[in-house]
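Trainee:
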Amino acid sequence: MSLKDRLLDKNQIFNPEQEKEIITAVKDKVKNDKDFLNPFSLNRAEYKDKLFMLINSEIYRRFPLLEFEVSQDFLEYAISEIFGLGVLEKYLSDKKVTDIFIQDREMLVISNGEKKYLGEVFGSIDEVLLIIDRIKASSGKTVDQRMPFLNTELYDGSRCSIVIPPVSDRIYISIRVFNCLDFELQDLLELGMFNNGIFSVLKGLIQDKKNILIAGSMGSGKTTLLNTLAKLIPKSEIINIIQDLPEIKLGSHPYVRMLTTRPKSREADNDISQDRLVYETLRMKADRIIVGEVRDCMAAYQMLQALNTGHRGSFSTIHSDSAYDGLLRLEMLAMEYKSNLSSSVVKKIVSRAIDTVLFLECEKDENLNIKNRKISEIVLVDKHLNEAGDYKLSCL
Ligand SMILES: Nc1ncnc2c1ncn2[C@@H]1O[C@H](COP(=O)(O)OP(=O)(O)O)[C@@H](O)[C@H]1O
Ligand SMILES: [Mg+2]
């Protein structure tokens with residue numbers, strides 16, 4: 006083994022006591038670092054890069070004469086020690102894993118769309134409770150007998166929901182892994198979501214500042230696609246992102262303002278609604294508005310108004326069964342809010358606001374696991390309605 010290899014191997018270089026000291030020192034730095042405290046600021050790869058630098062500088066401070074670079078093993082070990090999710094870390098950083106489910110001592114993950122039962126990975130319930138304690142500590146929220154539910158996000162943006170007995174028969178921790186949403190458009194091309202021709206079309210839509218509605222069923226990849234498209238927005242533009250959970254992250258983009266809705270809870274006695282955030286966004290004069298998923302009728306109406314008054318290149322997702330259905334859903338939401346408007350008026354507003362609808366379709370296997378996600382329709386919406394007073398659509 007060469008000297009370099011030996012130095013890269015954490016077991017060869019520090020004794021456990023020294024390892025502990027290095028990690029404790031880095032932990033202290035992390036506690037006071039604004040990037041680590043702010044859940045919106047970094048994605049997992051950036052967290053890792055930053056941690057890598059902190060660990061290296063701490064080692065250099067202690068052992069200035071040592072020529073040393075932190076190995077991936079040591080980094081993974083430090084991450085699990087610092088953020089404290091132990092056995093979960095491995096799955097949080099695996100790009101193929103989309104969901105992690107814990108039920109008492111057992112664990113199940115969904116990897117590449119397939120469920121994998123991992124058996125009893127925890128030695129005792131105390132280990133599971135320790136993980137819950139760490140999630141509570143990092144989120145500043147509680148879960149106890151009085152409020153046996155906790156919905157929060159982990160340090161890397163993964164969504165986590167916890168339910169504990171006696172409401173449930175066992176402890177259930179469900180995690181939707183954030184890492185899996187963090188694709189580039191090129192990755193989606195390679196995964197077969199679209200072909201090369203559509204790849205160029207999508208880039209063109211962003212360049213031409215088209216207003217895009219991404220439609221599809223739950224889990225069809227709407228948010229993932231939206232996130233990758235948003236990464237193509239020129240760095241000079243100011244983007245406001247409105248969402249319920251900070252799923253969309255644009256990492257290195259300099260002008261991103263993240264606004265997140267908030268339900269009423271024990272920690273906050275008033276809720277912050279989607280329409281309120283759209284309203285605030287209009288005053289903040291962003292170049293582009295991204296609404297993670299339109300589901301609120303007042304927000305839908307306000308967003309349509311915003312798109313008709315000069316906000317170009319904005320996008321959003323909507324739950325629907327086809328591209329046309331996506332437009333109808335948007336229309337229905339707006340009408341729910343402004344019931345005095347006729348359908349033909351709302352159709353006019355929608356047709357002016359939305360330029361393109363991308364519809365995502367997914368194939369499922371016999372166990373209802375999603376096997377394949379594809380853009381199955383790219384529909385251009387004409388500014389004018391047809392003679393029958395309906396949308397004039399053309400498919401690409
Ligand atoms: N093209 C793809 N290939 C494989 N997995 C994908 C693809 N697009 C999305 N996913 C995965 O599917 C899951 C659901 O995606 P998401 O974008 O949250 O769906 P939606 O917003 O439609 O509910 C995510 O875990 C994501 O990683
Ligand atoms: Mg979504």
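So the number in our numbering is just where the residue sits in the sequence shown, counting from 1, plus 5.
Glycine residues also receive a C-beta, built at the ideal position from the N, C-alpha and C atoms.
Values in this document were obtained by computation on a predicted structure and should not be read as measured data.
1. Taking the alpha carbon of Ser327 as the reference point, which residue from Met337, Gln310 and Leu365 has its own alpha carbon closest?
2. Out of curiosity, what's the CA-to-CA distance linking Arg11 and Glu63?
3. Report yes or no: is there a C-beta of chain D within less than 8 angstroms of the C-beta of Thr229?
4. Could you work out which residue in Arg181, Gln191 and Ile244 is closest to Ile107 when comparing CA atoms only?
5. Which residue wins for smallest C-alpha separation from Glu189, given the options Leu230, Gly226, Gly221 and Gly202?
6. Nearer than 7 angstroms: is that true of the beta carbon of Ser225 relative to any heavy atom of ligand 1?
7. Could you tell me if Ile383 is buried or exposed, where buried requires 16 or more neighbouring beta carbons within 10 angstroms of its beta carbon?
8. Would you call Gln307 buried or exposed, if buried means 16 or more other Cβ atoms sit within 10 Å of its Cβ?
9. So, for Ile243: in the same chain, excluding its five sequence neighbours on each side, which residues have a beta-carbon less than 6 angstroms away from its beta-carbon?
10. Hey, could you find the ends of the beta strand (DSSP E) Ser321 is sitting in?
11. With a threshold of 8 angstroms on Cβ separation, who are the neighbours of Ala339 within its own chain once the five nearest residues in sequence on each side are excluded?
12. Return yes when the C-beta of Glu366 is under 7 angstroms from any heavy atom of ligand 2, and no when it is not.
13. Going by beta carbon distance, what residues of the same chain come within less than 6 angstroms of Glu111, once the five residues before and after it are set aside?
14. Mapping DSSP to helix, strand and coil, what is Thr229?
15. Is Lys25 helix, strand or coil when you go by DSSP?
16. Kindly examine ligand 1 and report whether one of its heavy atoms sits closer than 7 angstroms to the Cβ of Met407.
17. Should Thr228 be listed as close to ligand 2, given that the test is whether its C-beta is under 7 angstroms from any heavy atom?
18. Near Arg317, which residues of its chain fall below 6 angstroms by C-beta distance, leaving aside the five closest residues on each side in sequence?
19. Specify whether the segment 214-224 and the segment 280-288 touch according to this definition: at least 3 beta carbon pairs, one from each stretch, less than 8 angstroms apart.
20. With a threshold of 16 other CB atoms inside 10 Å of the CB of Asp149, please say whether the residue is buried or exposed.
21. For Asn374, which of helix, strand or coil comes out of DSSP?
22. Mapping DSSP to helix, strand and coil, what is Tyr122?
23. Are Met198 and Lys379 closer than 8 angstroms when you measure CB to CB?
24. For Leu12, which three-state DSSP category applies?
25. Provide the residue(s) that pair with Cys302 in DSSP beta bridges, ordered along the chain.
26. Please confirm if the segment 248-257 is in contact with the segment 158-170, defined as three or more CB-CB distances below 8 angstroms between the two stretches.
27. In terms of residues, what are the limits of the alpha helix (DSSP H) holding Gly221?
28. Taking the alpha helix (DSSP H) that Ile354 falls in, what are its first and last residues?
29. For Ile108, which beta-bridge partners are listed by DSSP?
30. Should Thr322 be listed as close to ligand 2, given that the test is whether its C-beta is under 7 angstroms from any heavy atom?
31. Within 10 angstroms of the Cβ of Cys165, are there 16 or more other Cβ atoms? Answer buried if so, exposed if not.
32. In this structure, how does DSSP classify Asp387 when only helix, strand and coil are distinguished?
33. How should Leu401 be labelled, buried or exposed, when 16 other C-beta atoms within 10 angstroms of its C-beta is the threshold for buried?
34. Comparing alpha-carbon positions, which option in Leu193, Ser325 and Thr266 lies nearest Lys100?
35. Helix or strand or just coil, what does DSSP make of Ile158?
36. If contacts are defined as beta-carbon pairs under 8 angstroms, then Leu59 and Lys34 qualify, I think. What distance do you get, rounded to the angstrom?
Mentor: Taking the definition as stated:
1. It is Leu365 whose Cα lies nearest to the Cα of Ser327.
2. Because Arg11 carries a pLDDT of 43, less than 50, the predicted location of this residue cannot be relied on, and the following value inherits that uncertainty. Spanning the two alpha carbons is a distance of roughly 19 angstroms.
3. The structure shown contains no chain D, having only a single protein chain.
4. Among Arg181, Gln191 and Ile244, the Cα nearest to that of Ile107 is on Arg181.
5. For Glu189, the closest alpha carbon among the candidates Leu230, Gly226, Gly221 and Gly202 is that of Leu230.
6. Because some heavy atom of ligand 1 lies under 7 angstroms away, the Cβ of Ser225 counts as near it: yes.
7. So Ile383 counts as buried.
8. Buried.
9. Counting only Cβ-Cβ distances below 6 angstroms, and skipping sequence neighbours, we find Tyr260, Ala291 and Asp292.
10. Taken as a continuous stretch (DSSP letters only), the beta strand (DSSP E) holding Ser321 covers Phe320 to His324.
11. Result list for Ala339: Cys302, Ala305, Tyr306, Leu309, Leu346, Val351, Ile354 and Val355, in chain order.
12. Glu366 Cβ: outside cutoff for every heavy atom of ligand 2.
13. Taken in chain order, the residues that qualify are Glu125.
14. DSSP places Thr229 in helix when its eight states are reduced to three.
15. The answer is helix: DSSP assigns Lys25 an H, G or I state.
16. With the chain represented from 6 up to 401, any question about residue 407 goes unanswered, as that position is not in the structure.
17. Taking 7 angstroms as the cut-off, one finds at least one heavy atom of ligand 2 near enough to the beta carbon of Thr228.
18. Shown here for Arg317: same chain residues with a beta carbon closer than 6 angstroms to its own, the five before and five after excluded, namely Lys214 in chain order.
19. With the cut-off at 8 angstroms, the segment 214-224 and the segment 280-288 do not touch.
20. Asp149 counts as exposed, since fewer than 16 other C-beta atoms from the protein chains shown sit within 10 angstroms of its C-beta.
21. It is coil, neither helix nor strand.
22. Reduced to three states, the DSSP call for Tyr122 is strand.
23. Yes, they are a contact pair.
24. Confidence in Leu12 is poor, its pLDDT being 44 and thus under 50, which makes the residue's placement unreliable; the coordinate value appears in the next sentence. In the three-state reduction of the DSSP assignment, Leu12 falls in the helix class.
25. The partner list for Cys302 (beta bridge, DSSP) is empty, contrary to what the question assumes.
26. By the Cβ rule, the segment 248-257 counts as touching the segment 158-170, because three or more pairs are nearer than 8 angstroms.
27. Unbroken run through Gly221 is the beta strand (DSSP E), Ile217 to Gly221; no alpha helix (DSSP H).
28. Taken as a continuous stretch (DSSP letters only), the alpha helix (DSSP H) holding Ile354 covers Ser348 to Ala358.
29. First, the residue type needs correcting, since residue 108 is Gln and not Ile in the sequence shown. For Gln108, which the question treats as bridged, DSSP gives the partners Glu111 and Tyr177.
30. For ligand 2, at least one heavy atom lies less than 7 angstroms from the Cβ of Thr322.
31. So Cys165 counts as buried.
32. The answer is strand: DSSP assigns Asp387 an E or B state.
33. By the Cβ-count criterion, Leu401 is exposed, with fewer than 16 other Cβ atoms from all chains shown falling within 10 Å of its own Cβ.
34. Comparing Cα positions, the closest option is Leu193.
35. Before going further, note that residue 158 is Glu rather than Ile in the sequence given. In the structure shown, Glu158 sits in a strand (DSSP, three-state: E or B).
36. Contact between Leu59 and Lys34 is confirmed by a C-beta separation of about 6 angstroms, below the 8 angstroms threshold.
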